């Protein structure tokens, strides 16, 4: 957004911004309340009462975003123009090397019974088990039709694969039915150039299913987000702000790396993320901190657990505010209503706090207060970064 004029407007100073993303935080009503309505969030509500609120659309009206487009929009990139396969993000976030011409694909271990997918996440197996399964695959599959590959466990049931062959092009539909009770969905090429890629992915799935035939619950895999490495403007070059991305899950570490943020390794908990923020607060202008577990609870359809995760996020807020950043933004990359068990198209509440932010009449950080009282209104996600820059005093006047 405004890429053609931004270079002439950016001005540097010593302000600092903290961008907190509670993944999938938005919801819809269940018995008249969303998860944010039901949660006890004294810290979020206190901040909301002296901030600007609104609702953002991650990609566009009616469009359900994946995590990649959802975050790219938050970082101010056009998620329609910058379409990035999840495989690249998972691979980068897992610390894998992705060269020009490689094809990266994200995998989920899954359960298949009698020809039907019965669990798309293999019972959410722990990371330790995922590491064992990846080692078993590595030991038993040398290549796929002569094409070498690297595979690495990510977190929980997820892994990433990078195929090393310059003839493999992205443009492959996901080999994932997205629902249980359905047969596996083969990868299909979207255009002739990607037919070889689809064939290699399907062959890989067949081989993994063969190797894991006696395993339970992880006895097959689903493959998503096949992608070659993209070209994208670095965050600091775009905004003039040095930046770090603090995340636990590889996908979100990969997103931060993709836009050129510095990303620490080895963080496992929200507490460790906040420790990192405190330890490095002086070193960067922009701090992105990601919290996953609101989304996980929503995807599991667990209303009460999502409420509990929102409350956990709320409890961590005072430690972050102690740092006194010039601007704080709190939002989600998309909504994940527990009633749907999926990402959704619903707008996401956003809070912007800073000494120049207009204090509207919102009293709680909820969808309702954001809609009824939020001065920011309904905005595209890309507008959030422009608001951060403005409230940090990093945008010069446009025009005479």
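Numbering (my numbering), first residue to last: 2 to 401. Every residue gets a Cβ at the ideal spot worked out from N, C-alpha and C, and that includes glycine. The structure presented is a predicted model; accordingly, all values stated were derived computationally and were not measured.
- Among the bridge pairs identified by DSSP, residue 315 is matched with none.
- Within its own chain, the residues whose Cβ lies closer than 6 Å to the Cβ of residue 328, once the five positions on either side in sequence are excluded, are 18, 355, 389, 392, 393, listed in chain order.
- Using a 10 angstroms sphere on the CB of residue 370, the tally of other CB atoms reaches 16 or more, which defines it as buried.
- According to the DSSP assignment, residue 127 belongs to no alpha helix (DSSP H), since it is labelled neither H nor E.
- For residue 70, the secondary structure class from DSSP, reduced to helix, strand or coil, is helix.
- In the displayed model, residue 329 falls within a strand according to three-state DSSP.
- Contact annotation, residue 6 with residue 399: C-beta distance approximately 7 Å; criterion of less than 8 Å satisfied.
- Here the alpha carbon of residue 319 sits roughly 7 Å from the alpha carbon of residue 44.
- Annotated as distal: residue 365 and residue 230, with beta-carbon spacing of 7 Å or more.
- By the neighbour-count criterion, in which 16 or more other beta carbons inside 10 Å mark a residue as buried, residue 357 falls on the exposed side.
- Fewer than three beta-carbon pairs drawn from the region 256 to 272 and the region 194 to 210 are found closer than 8 Å, and the two stretches are therefore not classed as touching.
- In the three-state scheme derived from DSSP, where H, G and I count as helix and E and B as strand, residue 294 is classed as helix.
- Taking a C-beta distance under 7 Å as the contact criterion, residue 304 and residue 31 qualify as a contact pair.
- With respect to the 7 Å criterion, residue 87 and residue 226 are classified as neighbours on the basis of their beta carbons.
- Residue 59 counts as buried, since at least 16 other C-beta atoms from the protein chains shown sit within 10 angstroms of its C-beta.
- For residue 160 and residue 311, the gap between their C-alpha atoms comes out near 27 Å.
- For the pair of segments examined, the region 105 to 112 was found to touch the region 212 to 220: the number of CB pairs separated by less than 8 Å reaches three.
- The residue among 65, 330, 321 with its C-alpha nearest the C-alpha of residue 279 is 321.
- CA-CA distance, residue 153 to residue 223, rounds to 15 Å.
- Secondary structure remark: continuous alpha helix (DSSP H) runs of at least 4 residues inside the region 106 to 189, in chain order: 128 to 141.
- Nearest C-alpha to residue 143 among 165, 178, 123, 295: 165.
- Cβ-Cβ separation between residue 57 and residue 382: approximately 5 Å, consistent with a contact (criterion under 8 Å).
- Nearest Cα to residue 324 within the set 276, 54, 314, 89: 276.
- Nearest C-alpha to residue 24 among 386, 378, 16, 291: 291.
- Contact check for residue 28 against residue 326 fails: the beta carbons are separated by 7 Å or more.
- With fewer than 16 neighbouring CB atoms inside 10 Å of its own CB, residue 125 falls in the exposed class.
- Look at residue 304 here: in three-state DSSP terms it is helix.
- Between residue 239 and residue 248, the C-beta gap is not smaller than 7 Å, which leaves the two residues out of contact.
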